[in-house]
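Peer 1: Dropping the structure in here first, questions after.
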Amino acid sequence: METWDAIRARRNVREYADRDIARADLERILEAGRRAPSSRNWQPWHFVVVTSRERLVELAKVWEGASHVASSNATVALVAAEPDDDLHREWVQYDFGQATATMMLVAADLGIGSGHAAVRDQRLARQVLGLPDGYECVYLIALGYPAGRRLEPVRKPDRRPFDEVVRWERW
Ligand SMILES: Cc1cc2nc3c(=O)[nH]c(=O)nc-3n(C[C@H](O)[C@H](O)[C@H](O)COP(=O)(O)O)c2cc1C
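First residue of the sequence shown? That's 103 in this note's numbering, and the numbers climb one at a time after it.
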């Protein structure tokens, strides 16, 4: 897919076809995350890839908006060392957002759907993922081929109008 098509085709996919994602495609998605930019290039991320159905079902319980994780083909848990202070907590949020967007675009490029999921129950996430002390799961990215329509550029996205969002030169 062209980059511009992938950008327009990406949307949250929460229902997945019964089709495995090839290991090479998963690795490409993860490599995209690894290459994402980060503040001072500190690269705060660790990616834990979950594919076991049993573990996915448990992971989906970390918050009510994470239920799609249970039926995903694979879910990437974005893991960080607990930040020392507010500054680093801010960096984590921004940098993981960049890694997430990059991974989701590469997934879309491969025709693979992706869906964010926040994590509320850190204790459960830590237990399911086997995280060492001092680490937290920042977000989850559920992956799978869409159950319904394929990914293709969305003609009319549910977004605020361009002219309301964009200002030139000054506010
Ligand atoms: C920071 C962030 C957190 C999100 N958390 C969740 C979530 O916990 N569960 C969920 O189903 N979707 C979640 N979403 C997906 C958004 O609801 C979705 O991106 C938004 O409605 C726009 O839809 P689209 O991604 O299909 O374009 C999250 C998105 C972002 C950027």
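We treat Cβ as the ideally placed atom computed from N, Cα and C, and that holds for glycine.
Does at least one heavy atom of ligand 1 sit under 6 Å from the Cβ of A219?
Peer 2: yes
Peer 1: Report yes or no: do three or more beta-carbon pairs, one from the region 153-161 and one from the region 199-212, lie closer than 8 Å?
Peer 2: no
Peer 1: Beta-carbon within less than 6 Å of E117's beta-carbon, same chain only, minus the 5 sequence neighbours each way: which residues are those?
Peer 2: A249
Peer 1: Just to confirm, is the Cβ distance from A108 to D211 under 7 Å?
Peer 2: yes
Peer 1: At a cut-off of 6 Å, would you count F167 as near ligand 1, judging by its Cβ distance to the nearest heavy atom?
Peer 2: In the sequence as displayed, the identity of residue 167 is Gly instead of Phe. Answer for G167: yes, Cβ within range of ligand 1.
Peer 1: Take R112 as the anchor and find which of E184, V208, D197, A124 has the nearest alpha-carbon.
Peer 2: Ranking the options by Cα distance to R112, first place goes to V208.
Peer 1: Return the chain-ordered ranges of every beta strand (DSSP E) run that is complete within the region 187-235 and spans a minimum of 3 residues.
Peer 2: 215-219
Peer 1: With distance defined between alpha-carbon atoms, name the residue in S141, H190, H148, P255 nearest to G215.
Peer 2: P255
Peer 1: Given this structure, state the Cα-to-Cα distance separating R251 from A124, to the nearest angstrom.
Peer 2: 20 Å
Peer 1: Which same chain residues end up closer than 7 Å to E160 when comparing Cβ atoms and leaving out the 5 residues on each side of it in sequence?
Peer 2: V230
Peer 1: For ligand 1, I want to know if N114 counts as a neighbour, meaning its beta carbon is within less than 6 Å of at least one of the ligand's heavy atoms.
Peer 2: yes
Peer 1: Look at the Cβ atom of V194, then the Cβ atom of P139, and state whether they are nearer than 7 Å.
Peer 2: no
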